[in-house]
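J.:
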Amino acid sequence: MNKVSASATAAVADIPDGASLAVGGFGLSGIPATLIDALHAQGATGLKVVSNNCGIDGQGLGVLLAEGRISRVTGSYVGENKEFARQYLSGELEVELVPQGTLAERLRAGGAGIPAFYTPAGVGTQVADGGLPWRYAADGSIAVASPAKESRTFGGRDHILEHGITTDYALVRAWRGDTHGNLVFNKAAANFNPLAAMAGRITVAEVEELVEPGALGPDAIHVPGIFVQRVVALTPAQAADKRIEHLRISASSTRGTVLA
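Going by full-length UniProt numbering, the first residue of the sequence shown is number 1, and it counts up by one from there.
1. Rounding to the nearest angstrom, what Cα-Cα distance links residue 263 and Val98 in this structure?
2. Let's test the definition: count the other Cβ atoms within 10 Å of the Cβ of Arg157 and tell me whether it reaches 16, buried, or not, exposed.
3. List in chain order: all unbroken alpha helix (DSSP H) runs of 4+ residues lying wholly within the segment 178-255.
4. By Cβ distance, which residues of its chain are closer than 6 Å to Ala189, with the 5 residues on each side in sequence left out?
5. Write down every uninterrupted run of the beta strand (DSSP E) in the segment 3-72 whose length is 3 residues or greater and which is fully enclosed by it, in chain order.
6. Assuming Ala143 and Ala137 are in contact, meaning their beta carbons sit under 8 Å apart, how far apart are those beta carbons, in whole angstroms?
7. Run through the DSSP bridge pairs and tell me what Ser151 is partnered with.
8. Which complete beta strand (DSSP E) runs does the segment 85-141 hold, if anything under 3 residues is left out?
9. For His246, does the count of other Cβ atoms within 10 angstroms reach 16, so buried, or fall short, so exposed?
10. Ile165 and Val50 - do their beta-carbons sit closer together than 8 Å?
11. Tell me, please, which residues DSSP counts as bridged to Tyr77.
12. Leaving out five residues on either side along the sequence, give the residues of the same chain with a beta carbon under 6 Å from the beta carbon of Val223.
13. Just how far apart, CA to CA, sit Leu89 and Ala112?
14. Using 8 Å as the Cβ pair cut-off and three pairs as the minimum, do the segment 59-66 and the segment 1-10 touch?
15. If you measure between the beta carbons of Gly18 and Gly46, is that distance less than 8 Å?
16. Please work out which residues of its chain come closer than 6 Å, Cβ to Cβ, to Leu132, disregarding the five sequence neighbours upstream and downstream, and give them in chain order.
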């Protein structure tokens, strides 16, 4: 039952080229930075990533993206990552953009063993009708477009069929975890982490505080250990490394208020 890996390096050592990964985090909040850095050092390429976003330039998944190690992204937001936008628009990267709530539910459904579900999100748009550019050609034309989705009407309202997502591996970060893989997330850093943890066939969790079984109250556990195969205990320095995309200091406060 002890699922603790000797190191982040050991925990990601068997991730092969072309693997699919569900990765927790929202922007830089709650990203499994230590596992991403270990995967960067490991060298796997051609990775197919499912994550709300792809980090930012030079941080998080952005370090893998910058070296051309990611071939496909399923996510909701390009935003702060200029290299992500450049690769997508130049045809180097395939991108499936998904409404954020739909992405969350696709991950949850996959982890729960639900193959597909109907949702009204996206009805009347290219999300439903198809034609969204997944990959551009070098000349700017669309090389790969999204397909049309099956639709049905429930209660007089149109819905489209979305498929659950499962991946070969999942990388997540938790506030606390025990040696059996039970995880607790802290506030906003939960974000996509519980959903990603459920979706991975092999889930690797880096934890800021590792405790023994029984130390976590059953009602406090957000992801039970049945979903987690490997646990990496962070060092104090790694646990304190919580990155912020934009740091703002309020001029109205003499002490300074940090806004992220």
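We put the CB at the ideal spot given by N, CA and C, even for glycine.
T.: In this structure, then:
1. Residue 263 lies beyond the stretch modelled for the chain, which goes from 1 to 260, so this question has no answer here.
2. exposed
3. 193-199, 236-240
4. Ser29, Gly30
5. 20-23, 47-50
6. 4 Å
7. Ile160
8. 94-97, 116-119, 133-136
9. exposed
10. yes
11. Bridge partners of Tyr77: none, in fact.
12. Leu183, Pro194, Ala197
13. 34 Å
14. no
15. yes
16. Gln126, Ser146
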